[in-house]
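Here the protein sequences line up with chains B and Y, keeping their order. Just so you know, my numbering puts 70 at position 70 of the first sequence, and the rest follows in order with no gaps. One gets my numbering by counting positions in the second sequence from 1 and adding 295 to each. Remarks on the structure that follows.
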Amino acid sequence: MQRFLDPNVLAGISSLDLLAKTVVDGFVAGLHRSPDFGFSQEFAEYRSYTPGDDLRHVDWNLFARTERCYLKRYRGETNTQLTVLLDASNSMQYTSGPPMKMDYARYIAASLFYLAIHNQRDAAGLIVFDDDVREYIRPSTRPGQLARLFAGLERAEPHARTDFAKPLKYFQNFLHRRGIAILISDFYEEPETIVRTVAPLRFHGNEVVLFHILDPQEIRPVLKGSALLVDLETDQRIEVIPEYTKTTYRARIDAHIEQLRSRARASGMDYQLLVTDQPLDAALREYLSLRQAGN
Amino acid sequence: MGFLAPWFLGGLVALGVPVFVHLLRRHRTTPRPVGSLMFFECGTQSSTRHRRLKYLLLFTMRFGLLLALVFAFANPFVRRTASDATLPLLLIVLDNSFSMRAGTRFADAKQQALGAIAAKGHSQKAQIMALGGRLNVLTQPITDETQLRSALESIQPGDGHASFGELGRAMHTLAETVHGPIDLHLFSDMQRTGMPANFADVILPNNMTLSLHPAVRGAAPPNWTVESVEAPAALSDPKDPKRSRVKAVVAGFGTPAATKSVSLLVNGKVMATRKLDVPASGRASVEFSPLAVGYGFNRCEVRIDGGDAFPGDDVSIFSVRRSDPGRVLFLHPAGETRSTLYFGSALESAAQTSFVLQSLVADQARDFDPSRFTFVVLSDAAILPSIFEHALSQYVAKGGNVLIALGTAAAHHERIPLWGGYVNHVHEYARTGSPAVVGQVDFSHPVLAEPQPGTNSGWADVRVFYAAGLDPGDARVAMRLSDGTPLLLEKQVGEGHVLVLASGLENVTNDLPLHPVFVAFVDRMARYFSDTDRLGGSTLVDSFVQLRSATESVGAATNVEVIDPDGRRPLSLSEAQTLQSIRLERSGFYQIRFASGRHAVIGVNPDRRESDLQPLGDDVQQLWIGNPGGAPQAVRTTAAGGKYGTVGLWWHIMVFALAIALAETVLASRYMGTQREET
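See below:
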């Protein structure tokens with residue numbers, strides 16, 4: 001089933017619904033032996049009975065064997081709220097081979113929505129932005145929410161430049177309940193600026209995750225000869241020589257990633273680098289771990 | 296170069312193609328999108344330079360390929376002028392003949408020749424030759440000035456006679472191997488006597504231009520010389536007034552009338568001195584008699600006192616060999632004495648020879664040793680004692696000479712002694728009533744040589760009534776009758792000679808003994824048989840002396856010995872064993888020991904034509920260089936140096952283009968592959 005998490009395979013699936021189902025079912029099947037019982041009441045610990053405790057929670061089987069009265073405690077199950085902030089700037093349409101960064105981001109978002117709504121019964125919402133908010137779907141668990149989210153993803157086409165400040169400010173206006181906010185972007189901005197812009201989300205108790213989407217060629221670009229490069233967002237053109245991409249560029253992108261990772265974690269945010277030629281399970285695993293930590 | 300062809304000008308446009316492809320088109324690089332240029336830095340300047348450097352070689356090859364094709368279609372050629380590498384061959388001929396010894400002629404001519412070498416282009420080939428008695432090629436066509444200069448410095452004045460006719464013939468031979476243009480520069484005193492009688496002999500080939508560099512200017516200086524000396528080569532009796540005398544002719548060239556003192560020296564000792572009045576530019580003769588010489592070889596010379604510009608020709612040398620009179624064995628049939636009478640009288644009358652005739656009936660010759668005789672005459676002696684015939688064969692094989700006269704007795708005996716042949720038939724012209732006459736005479740034969748060419752010396756008056764018919768075989772026929780019958784034949788047997796007269800020596804079978812030519816015939820035959828001319832006397836420089844017979848067998852080779860005037864032996868050991876003749880290149884006395892064992896001392900004198908220092912007239916010189924209009928020679932030389940020749944280059948350019956195309960294919964495939972990877 002792991003092969004269904006391969007981006008190259010997923011690129012051949014046109015329906016986001018089917019794609020998300022494929023991804024999540026494959027992911028969950030690999031994660032649990034029996035997914036039907038996986039997320040019911042979960043045993044947490046035993047605690048000695050103290051007067052006033054509810055006798056319904058006494059483990060009578062244990063009392064029968066040991067004549068001691070213990071209370072059996074379970075983890076409380078609560079529904080959380082997932083909000084995906086999807087960067088739809090022009091830089092997201094870069095690709096050195098399928099899938100495009102934007103498509104890869106859609107796959108992740110769709111999979112997360114499917115996992116949250118279908119499996120976890122969580123509310124899920126979507127904000128598509130570039131230098132402005134292009135699409136906003138309020139988090140909800142209502143029937144048809146998943147379809148609306150998928151439709152929103154379908155409509156998300158790369159436009160214009162990235163500006164984190166405006167969509168996040170917009171997002172904060174609608175954020176009244178703590179939950180998980182996942183920001184999917186290629187983060188072509190200074191790490192300081194990104195973290196400073198995104199950090200206020202943490203103030204409301206949200207778990208914030210940065211999914212950094214990059215194409216392999218953006219991490220390790222290969223040039224056989226000098227080339228004229230065009231910025232997809234600014235349309236700026238410069239000539240670059242191969243020697244630069246082999247040395248200086250790689251050092252700078254590595255420093256950028258490391259700096260973004262360290263600053264994000266320093267601000268209490270999780271950071272995950274996702275390369276478009278890698279399977280999607282890393283993103284799903286990150287989401288589940290955060291959800292568990294939140295419970 | 297001829298790059299003005301219309302196609303060439305049109306093809307120049309094609310050169311813009313690689314420029315467009317490499318320099319202009321390359322600027323329109325297909326942009327490559329990236330997510331962000333945040334981490335990139337502009338490298339425009341360096342990358343452009345790098346790219347241009349990377350493709351520079353390919354661009355150069357493509358540009359060069361088109362350039363070569365354009366040039367090839369333009370049909371380029373090179374004009375080769377005097378300042379170019381492919382110049383005419385500079386042929387320097389320095390005259391080192393005897394006359395160049397006069398004054399500073401030779402030194403001046405050599406300096407001029409050295410100047411010509413210094414003035415030639417570095418890449419121009421030159422060849423050095425020396426014109427003396429013959430044309431000596433000293434170098435091959437080379438460009439190395441050092442070798443050329445060294446070869447020129449090695450030329451020394453010689454004793455030969457320069458012949459411009461021989462130069463012309465040699466140039467025709469040279470032109471057959473050198474097809475390019477040749478500039479012939481002749482450094483000489485331009486002696487008038489060097490010009491042959493036929494001017495056509497000196498006309499040069501069409502690819503050759505002539506530049507004359509006279510070593511002297513102006514009129515020739517007056518010069519007296521001992522033009523000729525008439526002296527016996529062999530002398531048996533110094534007191535014989537008829538033979539013991541020396542007659543010398545003194546000639547003046549461009550000289551005023553003067554009284555010259557002429558001396559006769561024998562072995563370095565002045566024997567006599569005469570005063571001689573020589574007319575202006577004329578000749579006068581003087582005679583010294585008797586010629587007192589001792590036995591053996593005497594080195595003699597006739598000298599005139601100095602006082603002219605060319606003292607080298609004031610002496611003429613000759614050698615005189617004094618010996619006892621030579622003995623001649625004359626065998627005749629019994630009862631026949633006329634031949635003895637006629638032959639003996641003729642032999643006695645000969646001016647140049649001194650022989651004692653011993654006549655004998657052939658039958659009585661049994662105990663005679665022929666080796667004691669200078670030569671033997673068999674007059675109608677068809678039958679010889681076998682012992683004597685055997686001894687005679689040995690005698691001839693070792694260098695003896697025999698004259699066989701076939702009289703009437705020969706008709707009865709077919710076999711001819713010593714000859715090896717038979718009498719096939721006899722011609723009895725008397726019976727037909729019309730005696731035969733001499734039809735053909737080979738005057739190049741020593742026995743028949745004429746002192747004055749053009750006359751037949753009376754041979755046409757000789758009537759022959761009887762002649763034996765012989766098959767000449769490999770014998771040399773020196774004389775034939777009018778009906779083609781061989782009359783005089785010669786065959787070499789071993790080192791000796793056998794001469795056969797197909798008629799008798801009496802006045803029965805022919806009337807030869809009654810004609811004066813008979814005396815000359817006997818005289819020359821006696822001198823030929825006795826080697827008088829070869830063993831002594833004088834000869835001219837560059838004449839040849841036969842050292843051994845051509846028929847000598849290899850196994851029986853004997854050494855000859857030659858000592859030149861400087862006392863050196865010019866022959867190597869191998870040459871001494873094999874050489875058949877030697878050229879006498881120097882003036883002076885040569886000592887020679889022939890293969891037959893005979894010794895000779897020969898006085899060698901320069902050709903007296905060298906004594907006439909009068910140069911060629913200007914009109915003749917201008918005619919020779921092909922400029923009869925009389926333009927100045929310097930102008931002629933410059934014009935010759937400025938001649939152009941064209942050599943096409945398209946073939947070389949096409950080969951070059953092919954090489955570039957191959958290299959371009961290899962490089963282009965590499966670069967194209969790189970471009971595919973990039974895109």
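By construction, the Cβ of each residue, glycine as well, lies at the ideal position given by its N, Cα and C atoms.
Using a Cβ-Cβ cutoff of less than 6 Å, which residues in the same chain neighbour residue i once the five nearest sequence positions on both sides are dropped?
{"i": "Y:Gln886", "result": "Ile858 and Val896"}
{"i": "Y:Ala413", "result": "none"}
{"i": "Y:Arg758", "result": "Pro730 and Asp806"}
{"i": "B:Arg161", "result": "Ser89, Asp131 and Glu233"}
{"i": "B:Asp163", "result": "Asp131"}
{"i": "Y:Arg569", "result": "Val557 and Val581"}
Below 9 Å on C-beta distance, what does residue i contact in chain Y?
{"i": "B:Tyr249", "result": "Phe334, Phe335 and Glu336"}
{"i": "B:Gln236", "result": "Leu332"}
{"i": "B:His256", "result": "Met333 and Phe334"}
{"i": "B:Asp186", "result": "Gly330 and Ser331"}
Which word fits residue i, buried or exposed, when buried means at least 16 other C-beta atoms lie within 10 angstroms of its C-beta?
{"i": "Y:Val557", "result": "buried"}
{"i": "Y:Ile682", "result": "exposed"}
{"i": "Y:Thr960", "result": "exposed"}
{"i": "B:Leu55", "result": "exposed"}
{"i": "Y:Ala402", "result": "exposed"}
{"i": "Y:Arg775", "result": "buried"}
{"i": "B:Val222", "result": "exposed"}
{"i": "Y:Pro818", "result": "With the sequence shown as reference, residue 818 of chain Y is identified as Asp, and Pro is not the correct amino acid for it. Buried."}
{"i": "Y:Asp902", "result": "buried"}
{"i": "Y:Ala446", "result": "buried"}
{"i": "Y:Thr520", "result": "buried"}
{"i": "Y:Ala457", "result": "buried"}
{"i": "B:Asp231", "result": "buried"}
{"i": "B:Tyr104", "result": "buried"}
{"i": "Y:Asn493", "result": "exposed"}
{"i": "Y:Asn719", "result": "exposed"}
{"i": "B:Glu239", "result": "buried"}
What residues of chain B sit near residue i, judged by a beta carbon separation below 8 Å?
{"i": "Y:Arg327", "result": "Ala227, Leu228, Leu229 and Val230"}
Identify the contact partners of residue i in chain Y, using a Cβ-Cβ distance below 8 Å as the criterion.
{"i": "B:Ile253", "result": "Phe334"}
{"i": "B:Asp94", "result": "What sits at residue 94 of chain B in the sequence shown is Tyr, not Asp. In chain order: Pro328, Val329 and Gly330."}
{"i": "B:Glu157", "result": "Here the premise fails: no neighbours, minimum Cβ distance about 16 Å."}
{"i": "B:Glu218", "result": "Val329 and Gly330"}
{"i": "B:Ser91", "result": "Gly330 and Ser331"}
If residue i and residue j are in contact, beta carbons under 8 Å, what's the gap, nearest whole angstrom?
{"i": "Y:Asp975", "j": "Y:Asp390", "result": "Residue 975 of chain Y is absent from the structure shown; chain Y starts at 296 and stops at 974."}
{"i": "Y:Tyr761", "j": "Y:Tyr724", "result": "7 Å"}
{"i": "Y:Leu978", "j": "Y:Lys420", "result": "Residue 978 of chain Y is absent from the model: chain Y starts at 296 and stops at 974."}
{"i": "Y:Leu626", "j": "Y:Ser674", "result": "7 Å"}
{"i": "Y:Leu624", "j": "Y:Pro665", "result": "6 Å"}
{"i": "Y:Arg617", "j": "Y:Ser739", "result": "About 30 Å separates the two Cβ atoms, so there is no contact after all."}
{"i": "Y:Leu796", "j": "Y:Ala705", "result": "11 Å between Cβ atoms; not a contact."}
{"i": "Y:Ala692", "j": "Y:Gly789", "result": "3 Å"}
{"i": "B:Ala156", "j": "B:Arg106", "result": "7 Å"}
Residues in its own chain within less than 7 Å of residue i by CB, not counting five upstream and five downstream?
{"i": "Y:Gln442", "result": "Thr434"}
{"i": "Y:Ala380", "result": "For Y:Ala380, the predicted model reports a pLDDT of 49, less than 50, meaning its position is unreliable and no value from the coordinates is stated."}
{"i": "Y:Gly359", "result": "Ile955"}
Which chain Y residues sit within Cβ distance under 7 Å of residue i?
{"i": "B:Glu233", "result": "Ser331"}
By Cβ distance below 8 Å, which residues in the same chain neighbour residue i in space, the five residues on each side in sequence not counted?
{"i": "Y:Ala958", "result": "Met356"}
{"i": "B:Gln93", "result": "Met100, Lys101, Met102, Pro158 and Leu232"}
{"i": "B:Lys166", "result": "Phe129, Asp131, Asp132 and Val133"}
Checklist entry - Taking the runs of the beta strand (DSSP E) that are 3 residues or longer, which of them lie wholly in the segment 110-150 of chain B? => result 123-129 and 133-140
Item to check | Length at least 3, wholly inside the segment 550-589 of chain Y: the beta strand (DSSP E) runs in chain order | outcome: 553-561, 564-573 and 578-583
Checklist entry - Fully enclosed by the segment 813-891 of chain Y, which alpha helix (DSSP H) runs are 4 residues long or longer? => result 827-830 and 868-873
Checklist entry - If you scan the segment 606-691 of chain Y from start to end, which runs of the alpha helix (DSSP H) of 4 or more residues do you find wholly inside it? => result 633-644
Next on the checklist: Restricting to runs no shorter than 4 residues, where is the alpha helix (DSSP H) found entirely within the segment 450-534 of chain Y?
Outcome noted: 459-472
Next on the checklist: Which runs of the alpha helix (DSSP H) at least 4 residues long sit entirely within the segment 418-454 of chain Y? Give them in chain order.
Outcome noted: 440-448
Next on the checklist: My parser needs the beta strand (DSSP E) runs of 3 or more residues fully inside the segment 766-804 of chain Y; what are they?
Outcome noted: 771-776, 781-788 and 791-796
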